[in-house]
Amino acid sequence: MSTLHTVNKSPFATGSLRSCLAHARSGDAVLMIEDGVYGATAGTGLSDEIAAAARGGGIGIYVLGPDMAARGLDAGRVLDGVITVDYAGFVDLAAKHDRAVAWL
Amino acid sequence: MSTLHTVNKSPFATGSLRSCLAHARSGDAVLMIEDGVYGATAGTGLSDEIAAAARGGGIGIYVLGPDMAARGLDAGRVLDGVITVDYAGFVDLAAKHDRAVAWL
Amino acid sequence: MSDDVKKFLYLNRKAPYGTIYALEALEVVLIGAAFDQDVSLAFLDDGVFQLTRGQDTKEIGVKNFSPTFRALGDYEVTRLYVERESLEERGLSPDDLQEIMYEDEDDDWAEKPSIRIVSRAEMADIIAAQDVVLSF
Amino acid sequence: MSDDVKKFLYLNRKAPYGTIYALEALEVVLIGAAFDQDVSLAFLDDGVFQLTRGQDTKEIGVKNFSPTFRALGDYEVTRLYVERESLEERGLSPDDLQEIMYEDEDDDWAEKPSIRIVSRAEMADIIAAQDVVLSF
Amino acid sequence: MKFGVVVSEGPYTHQAADTAYHFVVAALAAGHEVPRVFFYHDGVNVGTRLSVPPQDERNIQEQWSALAREHGIDLVICIAAAQRRGMLDEKEAERQGKDADNIAEGFRISGLGQLIEMGIQTDRLVMFGD
Amino acid sequence: MKFGVVVSEGPYTHQAADTAYHFVVAALAAGHEVPRVFFYHDGVNVGTRLSVPPQDERNIQEQWSALAREHGIDLVICIAAAQRRGMLDEKEAERQGKDADNIAEGFRISGLGQLIEMGIQTDRLVMFGD
């Protein structure tokens, strides 16, 4: 029994990603979409915190590729260990986990 | 020449108040309205930071009373030095300062 | 769990009045109560502000919907989980929240509090136990 | 300053595409350019993301408006202030931004960069020098 | 697998309606079912037939109407949210004494019960909002 | 003093239209002038005449229309923002080949130039949004 969490806000603008990570459990997945994809980038003031939460918690971190491309974020800027998916991958994640929780 | 800054977001949800305070100058006024009024409360995890920015920067801090009342915040919870105004006071602040900047 | 009873959680993370989400979440809860599902409400982050006492919206000209929370017991909505850490970060204690009671039909209709203060870890477990999570 | 020329600042604090504010701000800038006012744009907080290179919106099915920034010079909108601290917090350097040029009519139409990287303190001074500040 | 989808924000202003659309297209392409999409909060505004987006932008309402037509998706606009925001079908307009209606083909107005029912009858509920 | 006011969010969903309303009422009561209010982004939705809020809630459109009538305020809805979101007056509906319009009394649809003009001609511009 595991959860797919979606985050669609920039972590520099709101606390949604931080709250999501604080409530995700081992085996869960966190998918960053829309403005949330900025949370997947390396070299920011928040990168270490996000990477640590992901590593320490056994949480799979995903980012929506189409939203990355729209914002000019190329694969080279993605944090280590974050997996890029397309809309089909988003659907697979939602199907694979037992529930979806949107951190709106 | 001074500015009235308005902040309408909770400081626990977004970074608007923090950004506003970082861009306000001595002689400016910051007015918290709508969900922004939570920024005027004492005893929170952010109170010290907000009070310090206000004290150190020579910035007048105001809060809209009608929005406080709506959210059940009584005068006893307001940070020291924060002045409560009504809509007429909001208008006066906008008239008194040379420009209004909304931190949306 | 019977096949046609699902666990529904209403996840409330936003302050009241600045936006309509809190009010429209309550409207779903009231309608949803007729469906005989297993219903809980969760209040975390700024959502805890929805439950504060003494809300008076007269001067902003917006409807005060906070009394509706006290009526939830009549709709058999009796579990309102409130996150302790979210309260603390906002300088709130459980005493700052409305008293919301329900009558427990399994315990001779004894009056009991609907608000249950839980830790962040417990909130994570509550979320993980649901079938359907509606976010507001 | 002539009586009928005011200093207008467009304050951009939001990321592109997740919401429409950045696009609709640009629409105001383009229309406003016809009014012969003293116009500047400011990019701070997540607003700096609007100017990044290489935006490709094909897969999200939304119009890519980032090339429009490069056309602003033709509308005599030649001052785009970008806050250094906002860039740094987001792991961006000035090189990550589009090259946006204008021809300086007061300097024999020399090509010059429209983007001016400023500190947070300078941004505060820029805001304080305006007559009208439009926030997006 | 059956997916229920909720759209909580209006068209163009937030990306929610776009992301939901791409999600539904991908779900259908993968062989899943999407019996219903529920539009709540400002999401109800997706269903207006009066929008005229610029020629070089997508038409969000038409995208949804076409998808519904092709795949038999039930596009439900919440009546309570719609009334506040001025979204009406012909019947509602008459009942409320309004002289016009604005709902688009393929959308229908109904109650919040349809949202709960969708939660009960689908395997996963996915929400898109602000 | 002359105030220009911008409303950037739709009715009910965000408090912006309410706060702006109370601000304008207070400004007028203090003897200031508010020649124009400009509705942009989702703010254009404030001007629909098709909304039917619950009986125990304020009617935001009617509040604005009444204030405009009483004080001669020019309520301008941005045409570009309105077209995307399905806000039309009779003339626009005809021009766009739409079979209905939905704009309320006291509001008019015009271009973004009206916003700039308001910025030039007023002493202070105050924005209300999300």
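Protein chains in written order, with my numbering: chain A, 1 to 104; chain B, 1001 to 1104; chain C, 2001 to 2136; chain D, 3001 to 3136; chain E, 4001 to 4130; chain F, 5001 to 5130.
Just so you know, even glycine gets a beta-carbon here, dropped at the ideal spot from N, CA and C.
None of the values given here were measured: they were computed from a predicted structure.
Beyond the five residues adjoining it in sequence on each side, A:Ala51 comes within less than 6 Å, by CB distance, of Leu79 in the same chain, given in chain order. Within the same chain, and ignoring the five residues on either side of B:Leu1021 in sequence, the residues whose Cβ sits closer than 6 Å to its Cβ are Ala1053. Put simply, the CB of F:Thr5013 is far from chain B, with every gap to its CB atoms at 8 Å or more. Here E:Ile4109 is bridged, per DSSP, to E:Ile4077.
Note on C:Glu2111: under 16 other CB atoms within 10 angstroms of its CB, so exposed under the neighbour-count rule. The C-beta distance from A:His23 to C:Ala2124 rounds to 5 Å, short enough to meet the 8 Å contact threshold. When the five nearest sequence neighbours on each side are left out, the beta carbons in the same chain lying within less than 6 Å of the beta carbon of B:Tyr1038 are those of Ser1010, in order along the chain. Interface criterion met: the Cβ of F:Leu5088 is under 8 Å from a Cβ in chain E.
When the beta-carbon positions are compared, C:Phe2136 and C:Ile2100 stay at least 8 Å from each other.
F:Gly5086 is classed as buried because its beta carbon has at least 16 other beta carbons within 10 Å across all chains shown. Counting C-beta atoms within 10 angstroms of its own C-beta, D:Arg3053 has fewer than 16 neighbours from the protein chains shown and is therefore classed as exposed. From the beta-carbon of D:Leu3009, no residue of chain F is found nearer than 7 Å; the closest lies around 11 Å away.
In the assembly as shown, A:Arg55 is an exposed residue. Its beta-carbon has fewer than 16 other beta-carbons within 10 Å. Taking 9 Å as the upper bound on Cβ-Cβ separation, chain C lies near residues Pro5054 of the segment 5031 to 5054 of chain F. Of the other Cβ atoms in all chains shown, fewer than 16 fall within 10 Å of the Cβ of A:Ala75; this residue is therefore exposed. Inclusion of F:Ser5051 and F:Asp5130 in the CB contact set at 8 Å is not warranted, their separation being larger than that value.
Using beta-carbon distances, E:His4071 does not count as an interface residue toward chain D, since no partner is under 8 Å. By DSSP's assignment, C:Glu2103 forms a beta bridge with C:Glu2111. Against chain B, the CB of C:Gln2037 has no partner CB under 8 Å away; the residue lies outside that interface. In the DSSP assignment, A:Thr41 forms a beta bridge with A:Val78. For the C-beta of E:Arg4124, the chain A residues within less than 9 Å are, from N- to C-terminus, Leu4, Ala94, Ala95, His97, Asp98, Arg99 and Ala100. Chain-ordered listing is empty here: chain C has no CB closer than 8 Å to the CB of F:Glu5062, the nearest sitting near 12 Å. Rounded to the nearest angstrom, the gap between the Cα atoms of E:Phe4038 and E:Gly4106 is 12 Å.
Excluding its 5 nearest sequence neighbours in each direction, B:Asp1086 has C-beta neighbours in its own chain below 7 Å: Gly1065 and Pro1066, listed in chain order. Under the 8 Å criterion on CB atoms, D:Val3062 is classed as interfacial with respect to chain E. Of all residues in the segment 3059 to 3093 of chain D, only Ile3060, Gly3061, Val3062 and Lys3063 come within less than 7 Å of chain E when Cβ atoms are compared, listed by chain position.
D:Ala3128 reaches chain B at Met1001, Thr1003 and Arg1025, counting residues in chain order whose Cβ is nearer than 7 Å. Looking at the backbone, the Cα of A:Val82 and that of D:Gly3091 are separated by about 17 Å. Not a single C-beta of chain C is nearer than 8 Å to the C-beta of E:Leu4075.
In this structure, DSSP gives A:Ser19 a helical state, which the three-state scheme calls helix. Interface flag for E:Gly4129 against chain A is set, since a Cβ pair is found closer than 8 Å. Excluding five sequence positions before and after F:Ala5082, the CB atoms of its chain that fall closer than 6 Å to its own CB belong to Val5044 and Ile5109, given in chain order.
About 5 Å separates the Cβ atoms of F:Thr5013 and E:Asp4042, confirming a contact at the 8 Å cut-off. Contact check for B:Ala1095 against F:Met5001 passes: the beta carbons are separated by less than 8 Å.
Of the candidates E:Ala4104, E:Thr4048 and E:Glu4057, E:Glu4057 places its Cα closest to the Cα of D:Ile3020.
Using a C-beta cut-off of 8 Å, the segment 4028 to 4037 of chain E makes no contact with the segment 3043 to 3050 of chain D, since fewer than three inter-stretch Cβ pairs fall below that distance.
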